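Take the sequence shown: its position 63, counting from 1, is numbered 63 in full-length UniProt numbering, and each next residue is one higher.
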Amino acid sequence: MSVQVKSSTRTSGRGPSSSIRLGTGVGRSGFSSLSMGTANRMGLGSGRRSMIGSSYRSGSGYTGSLMGQGFGYGSGGNITSATAAMLAAASTQKIEIDRSVLPVRAQEKEQIKTLNNRFASLIDKVRYLEQHNKVLDAQWRTLQERSTATSNVDAMFEAYINGLKNQLEGLGTDKLRLNGELQQMQALVEDFKVKYEQEITNRTQVENEFVVVKKDVDDAYLAKVELEAKLEGLQDEINFLKEVFSEELRQLEAQIRDTSLYVEVDTRRNLDINGLIADVRAQYDAIAAKSRADAEDFYKVKFADLTSMTGKTDDEMRLMKGEMNDLNRQIQRINAEIAALKKQRAQLEAAIADAEGRGEVDIREAKETIARLENDLQLAKQEMAKHVREYQELMNVKLALDIEIATYRKLLEGEECRLNNISIASSGLGVGGGGGGIGGAGLLGFSTGGGSMSYSTSGGSMSLASTGAMQLESSSMKRSF
């Protein structure tokens, strides 16, 4: 019988750990053998899992179990003869194993498988959450950059709106100034209108006076014409009277001649015919002279009256013509001023209408621009609110993931503590039977120092990873967190 002891030390997450595997069986030389080797961590990192009970790698040897068959070799040396004798004596005896432990071990085996699967899924989920967290960080940085750009756009919008407000205030000031000028021009136009109406009234009065004076002039002219007609009639009458007087004188002379003939015939009486004729002639001459003098005096008086009246009328006509010329000149000047004022008023009204039109267009464009900017600002605010909501949702998801990760960490730490307690409770225990490199009856091994715990029976094998692997994976997970 030969006994082989294999030992090794491996430094994992917390410190060195060792394990002793004891097996019974028949070796190639027919003797029992004792194999002692170090336990290693279970391969649960870098996306690789190891099945429980499949293989174990040690620092100085390799051990494996399959369906109750064990094989082991190591670099350890032979133990002393006393120890070998004790082990040989122990191998000859039938080792009794408490069968009540087997269901518990099987349950623990199933739990460990479940925990290994859960742990692997948790590792995958942690990696997925880390990637998702990186994506969320990138989205968060993008949202921050977008929010900064939005704030700059808001500042530009505010500056543009302030500029439009300043332009609107300037247009309001120009409008007030133009309204003041318009009121002044309207007051000036009203003054000129009052003056124009006054001049029209004066013109109407002058025209009325002119009509009256013209009527007087017409009356005077008619009177003059009538007097001239009367004068002509008087002259005709005077001429007629002269002719009548001449004719009567001729008749008288003829009568005198006839009478003289008769007188010459009647010689019985001594009459002074020549004296009578001279007396009659003197009487007629006196009457004619008196009539002529009266007619001449009357004609002279009437002619003087008509001449003086005509002179006065001519003077009045000249005065009225002068006044009419002055009034016509004033009317023409006032008409020219009124035309100029009307033209100026039309220009001012056109300028005011143009200014009002441009002001209304500018105000309408400013209002449209303000409405468009307010709409853009509202859309930007809505987009910002949407991003804020998305950010809040992402933060909620991140918080939930952090809580879940913390929960998994606590579960892992609790499981690690439980496995440490199991490892501490089972440390120092080891029972082996049989010997040799290839075991036939069975194999049962317990680990010490918090490394690993494994046992195998004729029906199968089981291994339990303890602090080393768990601590290593948890520390790597903490570094990734």
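For every residue, glycine included, the Cβ atom is placed at its ideal position computed from N, Cα and C.
Remember, it's a predicted structure, so these values are computed and weren't measured experimentally.
Reference residue i; option with closest CA among the options
i, options, result
"residue 324", "157, 203, 173 and 188", "203"
"residue 292", "238, 129 and 277", "238"
"residue 186", "372, 344 and 413", "344"
"residue 363", "172, 424 and 252", "172"
"residue 331", "317, 365 and 198", "198"
"residue 396", "241, 136, 327 and 175", "136"
"residue 370", "132, 167 and 318", "167"
"residue 143", "389, 338 and 108", "389"
"residue 368", "176, 165 and 194", "165"
"residue 409", "109, 131 and 125", "125"
"residue 353", "234, 285 and 175", "175"
"residue 301", "253, 327 and 227", "227"
"residue 140", "329, 381 and 387", "387"
"residue 394", "122, 107, 132 and 102", "132"
"residue 215", "320, 105 and 118", "320"
"residue 253", "340, 295, 234 and 280", "280"
"residue 240", "361, 295 and 336", "295"
"residue 177", "391, 243, 191 and 355", "355"
"residue 412", "121, 106, 102 and 365", "121"
"residue 398", "134, 108 and 110", "134"
"residue 311", "416, 201 and 224", "224"
"residue 194", "420, 360 and 341", "341"
"residue 145", "103, 384, 422 and 423", "384"
"residue 359", "415, 378, 416 and 170", "170"
"residue 314", "417, 218 and 118", "218"
"residue 200", "366, 328 and 415", "328"
"residue 119", "422, 416 and 421", "416"
"residue 250", "277, 378, 365 and 234", "277"
"residue 423", "102, 103 and 108", "108"
"residue 337", "236, 189 and 229", "189"
"residue 138", "391, 418 and 414", "391"
Whole-angstrom C-beta distance between residue j and residue i, which should lie under 8 Å
i, j, result
"residue 196", "residue 334", "7 Å"
"residue 231", "residue 299", "7 Å"
"residue 245", "residue 288", "5 Å"
"residue 213", "residue 316", "7 Å"
"residue 380", "residue 154", "7 Å"
Helix, strand or coil at residue i [DSSP, three-state]
i, result
"residue 176", "helix"
"residue 22", "Since pLDDT at residue 22 reaches only 39, below the 50 mark, its modelled position is unreliable, and the value read off the structure follows with that caveat. Note: residue 22 maps to coil in three-state DSSP."
### Query
Using 8 Å as the threshold, is the region 296-309 in touch with the region 199-215, meaning 3 or more CB pairs across them?
no
### Query
Do the region 105-120 and the region 391-403 make contact, defined as three or more Cβ pairs closer than 8 Å?
no
### Task
Determine contact between the region 176-185 and the region 342-357, defined as no fewer than three beta-carbon pairs at a distance below 8 Å.
yes
### Task
Spell out a yes or no on whether the region 372-385 and the region 152-162 are touching, meaning 3 or more CB-CB pairs, one atom from each, closer than 8 Å.
yes
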